[in-house]
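Just so we're aligned: 167 in numbering that gives the first Met the number 0 is position 168 of the sequence shown, and the numbers increase by one with no gaps anywhere. To start, the structure itself, in structure tokens.
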Amino acid sequence: MNENPKYVMRWYVTLVMIGVASMLQIQGSDAFVVSPIVQRKTSLSTKNLKTRGPATLDFPWLDHHVPSPHQNNMVPTQIERGSTFLKMSSDSDDDGPGIGTIVTIVFFLVVFVGTSLAPMLDAARNSPTGDLNLGDSVVTRQDPPGKLKNYENSSDKLSRTKIQEKLNRVPVFYLVSGPNREMQEKIYLSFEDATSAAGSGATVKCTTLDQVMYPLVLKRGRMRMAPPPLEVQQAEETLQAQGLSTKNFKLIPSKAAIKDAAETKTDLADGDIPLFVADRLAFAGDAGPQVPLFFEKADCITSYDRLRESRGDRIPAQPNIRSTTLMDELYSMEKGTRPAVSQLQFYSTADDLMRASEML
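Structure, rendered in structure tokens:
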């Protein structure tokens with residue numbers, strides 16, 4: 000803590016003011032609440048599949064928050080600093096100090112606390128972690144060699160439960176066929192691609208990515224979560240009974256995503272899924288700003304265009320789009336090899352979300 004005498008004095012005065020306030024007996028309905036004003040908009044919500052709109056936030060490293068591409072009627076929103084207000088009721092002043100006295104005490108208390116905290120806030124801004132920004136939370140194929148090569152922080156690791164929550168936002172589609180209605184091994188990120196592959200005798204079913212990623216694709220077993228669809232449960236039982244090598248479940252990216260990966264020179268391993276992120280683009284969420292990882296590049300462009308419409312020529316006409324893969328990001332989340340990976344969120348296309356909402 001800063002040991003400058005004026006800051007020490009402010010802390011002493013602050014403690015005195017807290018003590019004075021605690022001795023005041025505020026009775027009856029003579030109460031007040033200091034509350035942040037938060038403006039919030041919501042977007043498409045489909046059972047377990049949710050996207051969120053902008054809120055009033057302020058971060059020095061981020062230009063603006065914009066809504067999800069699924070919010071067709073929204074425009075990008077500039078980050079604004081939230082304000083505060085006093086909400087008071089004063090039915091009677093007979094049993095305690097007057098409301099004017101209370102407000103005065105609180106006013107000076109806030110002033111002293113704010114000025115006492117100022118040096119600590121300055122120190123935080125000048126800390127070594129200030130060299131990193133939210134964009135560094137994504138491991139991309141366009142990163143310079145050796146970027147954050149030795150970075151690994153246990154506090155940035157996400158639990159399996161937290162990762163599952165992120166995967167739960169993503170719908171996937173699979174086929175069942177045959178007399179026993181068994182689940183086929185290919186799991187599609189696109190409803191349209193799944194329908195095209197179905198042919199006669201097969202049925203397209205839907206679930207969420209958390210239900211299949213670890214249990215079937217990675218074969219690491221099932222954690223406590225919502226019960227899976229019957230076909231997924233039967234597929235898991237088959238793996239356990241006949242051995243993990245008997246079936247090879249894998250994810251299939253959309254045709255559009257495969258084309259996007261080629262354009263961004265993103266090499267894909269068999270069954271891997273490309274993801275796309277646009278610089279200067281983030282969404283507001285309950286846990287702070289969220290970096291969107293899109294399954295198709297078109298959604299990156301759509302969101303960025305909305306941002307530029309609201310900001311004019313103050314940002315580049317064309318977005319800087321970087322690419323990564325689902326496995327790269329899952330590894331980073333598990334190991335904590337990038338800062339603030341908890342702020343990453345996966346975004347499927349609006350069409351696939353709508354299809355999933357109809358099928359689930």
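The beta carbon of each residue, even a glycine, is placed where N, CA and C say it ideally should be.
For this session: Determine, using beta-carbon pairs with one atom in the segment 163-171 and one in the segment 304-318, whether at least three such pairs fall under 8 Å.
Result: Taking 8 Å as the limit for Cβ pairs, the verdict is that the segment 304-318 does not touch the segment 163-171.
For this session: With distances taken Cα to Cα, identify the nearest neighbour of ALA196 among PRO288, LYS254 and GLY242.
Result: In the sequence shown, residue 196 corresponds to position 197, counting from 1. Per the C-alpha coordinates, the member of PRO288, LYS254 and GLY242 positioned closest to ALA196 is LYS254.
Exercise. Is GLN232 helix, strand or coil by DSSP?
Worked result: Start at 1 with the first residue of the sequence shown, and residue 232 comes out as number 233. In the structure shown, GLN232 sits in a helix (DSSP, three-state: H, G or I).
Exercise. Which one or two residues does DSSP pair with TYR187 in a beta bridge?
Worked result: Residue 187 sits at position 188 when you count from the first residue of the sequence shown. Partner(s): PHE172 and ILE251.
For this session: Could you tell me the boundaries of the alpha helix (DSSP H) in which ILE162 lies?
Result: Here the question's residue 162 lines up with position 163 in the sequence shown. For ILE162, the enclosing alpha helix (DSSP H) stretches over residues 159-166.
Exercise. For LEU243, which option in ILE251, LEU250 and ALA234 has the closest C-alpha, if you only look at C-alpha atoms?
Worked result: Counting from 1 along the sequence shown, the entry for residue 243 is found at position 244. The shortest CA-to-CA distance from LEU243 to any of ILE251, LEU250 and ALA234 is the one to ALA234.
Exercise. Does DSSP put MET332 in a helix, in a strand, or in coil?
Worked result: What you label residue 332 is simply residue 333 of the sequence shown in a count that begins at 1. Note: MET332 maps to helix in three-state DSSP.
Problem set entry | Between the CA atoms of GLY177 and ARG223 - distance to the nearest angstrom | Here residue 223 corresponds to residue number 224 of the sequence shown, with the count starting at 1. Here residue 177 corresponds to residue number 178 of the sequence shown, with the count starting at 1. Cα to Cα, ARG223 sits roughly 30 Å from GLY177.
Exercise. Does the Cβ of LEU217 have 16 or more other Cβ atoms within 10 Å, making it buried, or fewer, making it exposed?
Worked result: In the sequence shown, counting from the first residue as 1, residue 217 sits at position 218. Taking every protein chain shown into account, the CB of LEU217 has fewer than 16 other CB atoms within 10 angstroms, so this residue is exposed.
Problem set entry | As assigned by DSSP and simplified to three states, the class of ALA281 | For this step, residue 281 is matched to residue 282 along the sequence shown. Of the three classes helix, strand and coil, the one that applies to ALA281 here is strand, per DSSP.
For this session: Give the single residue among VAL203, PRO338 and GLU181 whose Cα lies nearest to the Cα of LYS246.
Result: Here residue 246 corresponds to residue number 247 of the sequence shown, with the count starting at 1. Considering only alpha carbons, the answer is GLU181.
Problem set entry | Helix, strand or coil at SER199 according to DSSP, with G and I counted as helix | The count along the sequence shown starts at 1 and reaches residue 199 at position 200. If DSSP states are grouped into helix, strand and coil, SER199 belongs with coil.
Problem set entry | Secondary structure of THR206, DSSP reduced to three states | Taking the sequence shown and counting its residues from 1, the one referred to as residue 206 is at position 207. THR206: strand per DSSP, three-state reduction.
Problem set entry | alpha helix (DSSP H) runs wholly inside the segment 281-330, at least 4 long, in chain order | Counting only runs of 4+ residues, the alpha helix (DSSP H) found wholly inside the segment 281-330 occupies 296-310, in chain order.
Exercise. Between ALA256, LYS185 and LYS146, which lies nearest to THR348 when the distance is taken from Cα to Cα?
Worked result: Here residue 348 refers to the residue found at position 349 of the sequence shown. If we check each option's Cα against that of THR348, ALA256 comes out closest.
For this session: Have a look at the DSSP bridge pairing and note the partners of PRO273.
Result: Translated into the one-based positions of the sequence shown, residue 273 becomes position 274. In the DSSP assignment, PRO273 is bridged to THR324.
Exercise. Which class does GLN141 belong to by DSSP, given the choice of helix, strand or coil?
Worked result: Here residue 141 corresponds to residue number 142 of the sequence shown, with the count starting at 1. In the structure shown, GLN141 sits in coil (DSSP, three-state: anything other than H, G, I, E or B).
Problem set entry | Pick from GLU164, GLN183 and ARG159 that is closest to ALA201, judged by C-alpha positions | Taking the sequence shown and counting its residues from 1, one reaches residue 201 at position 202. Ranking GLU164, GLN183 and ARG159 by Cα distance to ALA201 puts GLN183 first.
Problem set entry | MET212 burial status per 10 Å Cβ neighbour count (16 or more: buried) | Stepping through the sequence shown from its first residue, residue 212 is reached at position 213. Buried, by the Cβ-count rule.
Exercise. Are the beta-carbon atoms of VAL137 and VAL276 separated by less than 8 Å?
Worked result: The residue you call residue 137 lines up with position 138 of the sequence shown. The residue you call residue 276 lines up with position 277 of the sequence shown. Going by C-beta atoms, VAL137 is nearer than 8 Å to VAL276.
Exercise. Under the DSSP definition of a beta bridge, which residues are partnered with LEU343?
Worked result: Here residue 343 is taken as the residue at index 344 of the sequence shown, counted from 1. Its beta-bridge partners are VAL290.
Problem set entry | Cross-strand partners of LEU181 (DSSP beta bridge) | In the sequence shown, residue 181 corresponds to position 182, counting from 1. The residue you asked about is not Leu; residue 181 is Glu in the sequence shown. GLU181 pairs with SER176.
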